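For the sequence shown, the residue numbers in UniProt numbering are 1 to 549. Beta carbons: idealized from backbone N, C-alpha and C, even for Gly. None of these values were measured; they are calculated from a predicted model. Read through the structure below, which is laid out as structure tokens, and then see the notes.
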Amino acid sequence: MVGLVIYIFRPVGKVEPLPARREGIQISIKAKVTAVFLLLTLIFLILVAVVAFDALNMGGELSRLEVWNYIYLVLGITINLLYGIALLFLWYIERNITTPVERLSYLTELYARQGHEQEENLGLRLQQLADEIPTGDEIGALAVSFRNMVYELDEYMSNLAAVTADKERIATELNVATQIQASMLPCIFPAFPSHKEFDVYAMMTPAKEVGGDFYDFFLVDDDHLALVMADVSGKGVPAALFMVIAKTLLKNAAQAGLPPKATLEKVNNQLCENNEAEMFVTVWLGIYEISTGKLTAANAGHEYPAVRHKNGKFELYKDRHGFVLAGMEGARYREYELELEEGDTLFVYTDGVAEATDAADTLYGTDRMLAALNQKEDADPEELLRNVKDDIGLFVGEAPQFDDITMLAIKIRAVPSENMRKISVSPNLESMEGLSAFLEDCLAKQDAPMKIVSQINIAADEIFSNIIRYSGASSVSVGCETEEDRVVIRFADNGRPYDPTGREDPDITLSAEDRDIGGLGIFMVKKTMDEIKYEYEDGFNILTIQKRW
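What follows is the structure, given as structure tokens:
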């Protein structure tokens, strides 16, 4: 019997000892059960031995029936005694094992269903459950362990919730940053409806992570269009912030009338100041002169542009690269010129085009790019860029996009007539003399009468003076087109929108004291010119006057 009990309660494997909850000797449930059964077995054996011994001694005095009655009586008492002990043991098991396990199971299920937020006293209830177990056995240790697990799990979930919230916030901020970045780029097409001489289109397909690619195009004045393609090093918010700074500085410098070389040199030095992050940006900058078709460009470590002349194929124009912007203070850059004629197309892009990869990490490359560009000879800029984008998509397949894909194309529709001559001047009084000389030279080629020349000079002086005083413009473009018996002069400035022709004419019948101040100059222009017209297009005030003779 003892061997059977020992066999039943033998250890089934190595069990790590539980940390003691109370000081003193800790008795496990297995030891308690084993001790009880050994005790009962011992009592039973002792009683059987006593009864047998006593029956043998009394064998001569009692009849066999009496002996068996005696044995049955003793065994009955013994069995009832054992039954009572068993009941007490079952009560102990119920109190110290079954009920705590049921409560622990209930609390476990409660936590699994509701979580600790809905059951704030769960840890306290688990501690009370452990304290109610007087011996500090495995059930108590299990309750304490579960309580600690609940606390640790709640702490982990709280930390996880905080981390998840931070990640969601960052993801939201990055998404907003991407939207802000995209909104800063020109996205309204056609961009310059009043300029039929060219067609420009651009697009950017951003990667999942915020990048630093950007493009830009804007009119420096009525005769010069700036084109920018750039790629900032790195990814994320720092690259996006650096992109905003670089884009703003480039536009400010170009709109100040600086040529591409001087623009890159100025912006490079500005970006080098306090560049603790050691970021840099590659830039291709071109300024297209609309009246002549001449493109002046400079390259700061950017990709080669691709050019297609009319009836030809796209080819890379391997210009000489300068150093990247913000890479070295005092860097110098070189300019070059391209003559773009009607039907010619210029294509610029970032490295995300050529470096797009498929699932096997094969590069898309410039050869495939040129092949996509040459799919259709008469494609307009929008169709051209979409052809390249679709071809990249077919090549890449399901592979993830790791870099922004940014492209810009401009197609020359028609170079303006040579009869329209243009000059760009600064809006200050020192430019008046040069403007007068330009207009006199333009009129002299058509042998305009001196009276007409004088009237034109007076009108131009009045219009230009108003631009200087009231518009706040940073640049002014003046165009002059002559025919046999007429001249058309066009003033364009990037100042505040203002229509001088909308002002009510002054009443010249009144005395000077009774008339409102101002308005006589533009009134004189209206009276001396055959036609005067105002328009506001593409961010420019455009005033056109016409005079016949």
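Task: Residue nearest to K247 in terms of C-alpha spacing, selected from Q546, P381, Q179 and L227 - done: The shortest C-alpha to C-alpha distance from K247 to any of Q546, P381, Q179 and L227 is the one to L227.
Task: Segment limits, beta strand (DSSP E) that includes V425 - done: That run of the beta strand (DSSP E) goes M420 to V425.
Task: Rounded C-alpha distance that separates N252 from F280 - done: Answer to the nearest angstrom: the Cα atoms are 19 Å apart.
Open item on the list: I'd like to check one pair, I287 with P260: are the Cβ atoms closer than 9 Å?
Closed with: A contact, by the Cβ cut-off of 9 Å.
TODO: Return helix, strand or coil for R346, following the three-state DSSP convention.
DONE: According to the sequence provided, residue 346 is Leu. The question's Arg does not apply to it. DSSP places L346 within a strand segment (E or B) once states are collapsed to three.
- [ ] Could you tell me the boundaries of the beta strand (DSSP E) in which Y215 lies?
- [x] Counting along the chain, the beta strand (DSSP E) containing Y215 begins and ends at D213 to D221.
Open item on the list: What does the alpha-carbon distance come out to for the pair L316 and D485?
Closed with: Taking the Cα positions, L316 is about 47 Å away from D485.
Task: Three-state secondary structure (DSSP) of R548 - done: Correct three-state label for R548: strand.
- [ ] Kindly list the residues whose CB is nearer than 7 Å to the CB of residue 569, restricted to its own chain and excluding five residues on each side of it in sequence; keep chain order.
- [x] Since the displayed the chain opens at 1 and closes at 549, residue 569 lies outside it and no answer follows.
TODO: Kindly identify the DSSP beta-bridge partner or partners of S475.
DONE: In DSSP, S475 forms no bridge with anything.
TODO: Mind checking which residues open and close the beta strand (DSSP E) that includes R486?
DONE: R486 to D493 is the extent of the beta strand (DSSP E) around R486.
- [ ] For Q181, I'd like the list of residues in its chain whose CB is within less than 6 Å of its CB, leaving aside the five on either flank, ordered along the chain.
- [x] A240.
Task: Candidates D154, E342, L394 and R334, of which the one nearest H309 by Cα - done: For H309, the closest alpha carbon among the candidates D154, E342, L394 and R334 is that of E342.
Open item on the list: Looking at T544: is its Cβ nearer than 9 Å to the Cβ of A459?
Closed with: Going by C-beta atoms, T544 is not nearer than 9 Å to A459.
TODO: Ignoring anything shorter than 4 residues or poking outside the region 209–292, list the alpha helix (DSSP H) runs there in chain order.
DONE: Counting only runs that start and end inside the region 209–292, the alpha helix (DSSP H) elements of at least 4 residues fall at 236–255 and 260–272.
Open item on the list: Is A240 near the ligand COA - that is, is its Cβ less than 8 Å away from at least one heavy atom of it?
Closed with: Among the components of this structure there are no ligands whatsoever, and the ligand COA is therefore not found.
Open item on the list: At the level of alpha carbons, what is the spacing between I25 and T78?
Closed with: Low confidence applies to I25: its pLDDT is 44, below 50, so where it sits in the model is not reliable enough to give any reading.
Task: Chain-order list of residues whose beta-carbon lies under 8 Å from that of E23 (same chain, five-residue window excluded) - done: Because the pLDDT of E23 is 47, which lies under 50, any placement of that residue in the model is unreliable, and the number read from its coordinates should be weighed accordingly. Closer than 8 Å at the Cβ level, and outside the excluded window around E23, lies no residue.
Open item on the list: Which residue wins for smallest C-alpha separation from G327, given the options Y498, Y92, V283 and V525?
Closed with: Comparing Cα-Cα distances from G327 to each of Y498, Y92, V283 and V525, the minimum goes to V283.
Task: For L408 and M229, believed in contact at Cβ under 8 Å, the rounded distance - done: Taking C-beta atoms under 8 Å as the contact rule, M229 and L408 qualify, at a distance of about 6 Å.
Task: Cβ shell of residue 561 (< 6 Å), same chain only, five flanking positions each side left out - done: With the chain covering 1 to 549 only, the question about residue 561 has no answer from this structure.
Task: Residues bridged to K526 (per DSSP) - done: Bridge partners of K526: none, in fact.
Open item on the list: Between which two residues does the beta strand (DSSP E) holding E440 run?
Closed with: No beta strand (DSSP E) holds E440; the alpha helix (DSSP H) holding it covers M432 to A444.
TODO: For K389, collect the residues of the same chain with a Cβ closer than 8 Å to its Cβ; drop the 5 residues on either side in sequence, then sort them by chain order.
DONE: Once the five neighbours on either side are set aside, the close Cβ partners of K389 are M203, T205, I405 and M407.
- [ ] Please name the residue or residues paired with C480 in a DSSP beta bridge.
- [x] C480 is bridged by DSSP to R421 and I489.
TODO: In angstroms with no decimal places, state the Cα-to-Cα distance between A354 and K294.
DONE: Their backbone Cα atoms lie some 28 Å apart in a straight line.
- [ ] Compute the beta-carbon to beta-carbon distance between H321 and G301, rounded to the nearest angstrom, for a pair I have assumed lies under 8 Å.
- [x] Cβ atoms of H321 and G301 come within 8 Å of each other, at about 5 Å.
Task: Contacts around A372, its chain only, beta-carbon distance under 7 Å, and the 5 residues preceding and following it disregarded - done: The answer, listed in chain order, is N387, V388 and D391.
Open item on the list: By the DSSP assignment, the beta strand (DSSP E) with N299 in it spans what residues?
Closed with: K294 to A300 is the span of the beta strand (DSSP E), which, as asked, contains N299.
Open item on the list: Tell me the residue span of the alpha helix (DSSP H) that contains R332.
Closed with: Counting along the chain, R332 falls outside any alpha helix (DSSP H), and DSSP gives it neither H nor E.
Open item on the list: To the nearest angstrom, how far is the alpha carbon of L370 from that of L394?
Closed with: Those two C-alpha atoms are separated by around 15 Å.
- [ ] Would you list, in sequence order, the uninterrupted alpha helix (DSSP H) runs of no fewer than 4 residues that lie entirely inside the region 358–414?
- [x] Restricted to the region 358–414, the alpha helix (DSSP H) segments that are unbroken, complete and at least 4 residues in length are 365–373 and 381–396, listed in chain order.
- [ ] Give me the Cβ distance between D199 and R413, rounded to the nearest whole Å; I'm assuming they're in contact under 8 Å.
- [x] A Cβ-Cβ separation of about 6 Å places D199 in contact with R413 under the 8 Å criterion.
Task: Pick from K445, F464 and Q446 that is closest to G434, judged by C-alpha positions - done: Ranking the options by Cα distance to G434, first place goes to F464.
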